[in-house]
Each structure stands twice: as C-alpha cells, then as structure tokens.
Amino acid sequence: MDRNADAPWSKFDPEAYVDVNYRTPLDVDLLILRAMRDHFSRCFEGVVPQSVLGIDVGAGANMYPALAMLPWCEKIVLLEYAQPNVAYLDRQTAEGGLDATWGAFWDVLLEDPAYRDVEPAERIAEIVRVERGNLFDLDAQPRRYDLGTMFFVADSMSECPDEFRRGVRCFMNTLSPGAPFAAAFMKESVGYWVGDQHYPAYRVNEERARESLAEFTGELEIRDLHQVVRKGHEGMLLVLGRRNSTVAVP
Ligand SMILES: C[S@@+](CC[C@H](N)C(=O)[O-])C[C@H]1O[C@@H](n2cnc3c(N)ncnc32)[C@H](O)[C@@H]1O
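The numbers in our numbering rise by one with no breaks, and the one at position 156 of the sequence shown is 156.
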C-alpha cells in the first residue's frame, strides 16, 4: 500500500496539473467555489472579522481556496509539501504574479458583494505567505487558524486509511473553535497522474468522510457532486462546516 512518504512529491509538475484541472475552469470547480463562497459569507455575516488567520492545506497549484478566503483574512498561510508546488505558489503570490488563469474563478467570487472591494492580486501579495511543510506536523499547532480549506489532499496523498484519517485530524485540529472550513475529496479515487508521475489516493466515500470528520464539528454538510472529471474516480465530495471545540489526540 502506497504511503504518503513513498510518493514522488519532488517530481510534481504544477503546470501540467493546472493544464488538466484549472486552465479551463471545470463546471464542478465553479460549483464548489460558489458553495464555499456562500458558506464563508454566511459564517461571517454581520461579523467584522479581526485578525482572522486562514490556512489552505496542501495548496498545490490551486489558488481558488485562497481567493475564497481573501475578504475575511488578515493573513493566509498556504501550506505545501512538494517543492515544485511551493515554487509555483511563490510565483503566484509575488507582486503582480497572479496568473490570468485565476481570473475566471475570481469572477465567480465577485457575484458576492463581500469580494467587490478586494483587488485579488494585490491582496494576495500583501497577506498570503507560502510555507513549505507537512500536513502531519500541523498537530503541533492546535487551534491556530480561524478559517481553513483543504482541497483534494487527505484523500489524494496516500492509499492508507489511517493516513487519510490522520490528515483530516491534523487539518481539523489546527482550526480554532468556531472556525468555518471547506474541504473537498475525490470520491473513490484509485490514484491519479500528473504528467508522467503517478500519485496515490484513498478510496473515500461519503460515509468514510463523515466518520473522519464527525467528532470535529456539529455543523457538517457533505455534498456528493456526481461530476466525473477523469477515469478512476466516482465524483467529488464537498465538505462545509464549522469547527467545534473538541481537540482529538493523535
Ligand atoms: C491532488 S493535489 C491537490 C492540490 C490542490 N489543493 C488542489 O486543490 O488542486 C495534492 C496536494 O497535496 C500535497 N501534499 C501531499 N502530501 C502532503 C503532506 N504530507 N503535507 C502537505 N501537503 C501534501 C501535494 O504536494 C499536492 O499539492
């Protein structure tokens, strides 16, 4: 069984990944983005957030979770393990570096007035920090972040059930009580290719996702999106919720 540490992360090709997944926005991502935007807007409605610290875990070559968090955060950390993805994120977050690819995603966010006063490239360069790190080490930073996202990571980094659950737990434990969060999983994925490299996945379904998340939130919504974007999976699961105050021990 392929574990997280066995996969060729140093050979991850972010441009090949963006070409397949984001260069032309897929309907399912726009659907996810709308739902995440509305969830965050609802959670922060009537609240003037002060010093909200956000995190996107395993950010890879995807800027849309960070874009969705922009209006609410004073700082956002993009945590990523693979060095080529860290370099990609460094380029995206440099002044004037945000690629035009992300414009179509920003247009969807702009349908909500909360996003209208934000200039995305400028704000990204101002408040986003890229950190090279391991999701499993987030256990050492309990209750640090007030808003969090984790897209296609705990399910798309290992075949092992225990690493999936540990990944979810590390993400949830780094969120503060009440923190809104969004996560997405590829349903029943058997692994995926990026260029000529193969990466492992855990076969998550709605029940397994619910089991792994239940203790961390009393407000959990899991949407089963039936769009299949390639061979080897059965759709996507979008998870929206707010963190409760439980801290689960490793
Ligand atoms: C399928 S990609 C998802 C990337 C991005 N979040 C997205 O929505 O497209 C999986 C990501 O998890 C990252 N990753 C794998 N193992 C990790 C770990 N132990 N800690 C942090 N990130 C990890 C990979 O480098 C890769 O960027």
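Backbone N, C-alpha and C define an ideal beta-carbon position, used for all residues, glycine too.
Cβ neighbour criterion (16 or more within 10 Å) applied to residue i
i, result
"P65", "buried"
"S156", "buried"
"H226", "exposed"
"D162", "exposed"
"T24", "exposed"
"G148", "buried"
"R253", "Nothing about residue 253 can be reported from this structure: the residues present for the chain run from 1 to 250 only."
"D117", "exposed"
"H198", "exposed"
"A5", "exposed"
"A129", "Position check: residue 129 holds Arg in this sequence, whereas Ala was assumed. R129 is exposed by the Cβ-count criterion."
"Q92", "buried"
"A100", "exposed"
"P113", "exposed"
"V47", "exposed"
"M63", "buried"
"T246", "exposed"
"N85", "buried"
"N134", "exposed"
"E15", "exposed"
Opening and closing residue of the beta strand (DSSP E) in which residue i lies
i, result
"A87", "Not the beta strand (DSSP E): A87 falls in the alpha helix (DSSP H), residues 83-93."
"M150", "147-151"
"H39", "Element bounds for H39: not the beta strand (DSSP E) but the alpha helix (DSSP H), 27-43."
"E207", "Here E207 belongs to no beta strand (DSSP E); instead the alpha helix (DSSP H) covers 206-213."
Residues that residue i bridges to, as DSSP identifies them
i, result
"K75", "L53"
"Q197", "V194"
"D224", "L237"
"L175", "Y145"
"V271", "Examination of residue 271 is not possible in this model, given that the chain is present from 1 through 250 alone."
"R257", "No answer is possible for residue 257: it lies beyond the span of the chain, which begins at 1 and ends at 250."
The alpha helix (DSSP H) enclosing residue i, as first and last residue numbers
i, result
"M186", "Here M186 belongs to no alpha helix (DSSP H); instead the beta strand (DSSP E) covers 180-186."
"V18", "14-21"
"E252", "Given a span of 1 to 250 for the chain in the structure shown, any question on residue 252 remains unanswerable."
"D107", "103-109"
"M157", "That residue, M157, is in no alpha helix (DSSP H); it is neither H nor E in DSSP."
"A66", "64-69"
Cβ pair count under 8 Å reaching 3, the stretch 237-248 against the stretch 171-191: yes
Validate contact between the stretch 48-61 and the stretch 136-145 using beta carbons, cut 8 Å, 3 pairs: yes
Segment contact, 8 Å Cβ cut-off, at least three pairs: the stretch 173-182 with the stretch 226-234: no
Cβ contact check for the stretch 120-129 and the stretch 85-102: 3 or more pairs under 8 Å: yes
Segment contact, 8 Å Cβ cut-off, at least three pairs: the stretch 205-221 with the stretch 11-26: no
Three-pair Cβ contact test at 8 Å for the stretch 63-80 versus the stretch 37-49: yes
Cβ contact check for the stretch 103-110 and the stretch 26-36: 3 or more pairs under 8 Å: yes
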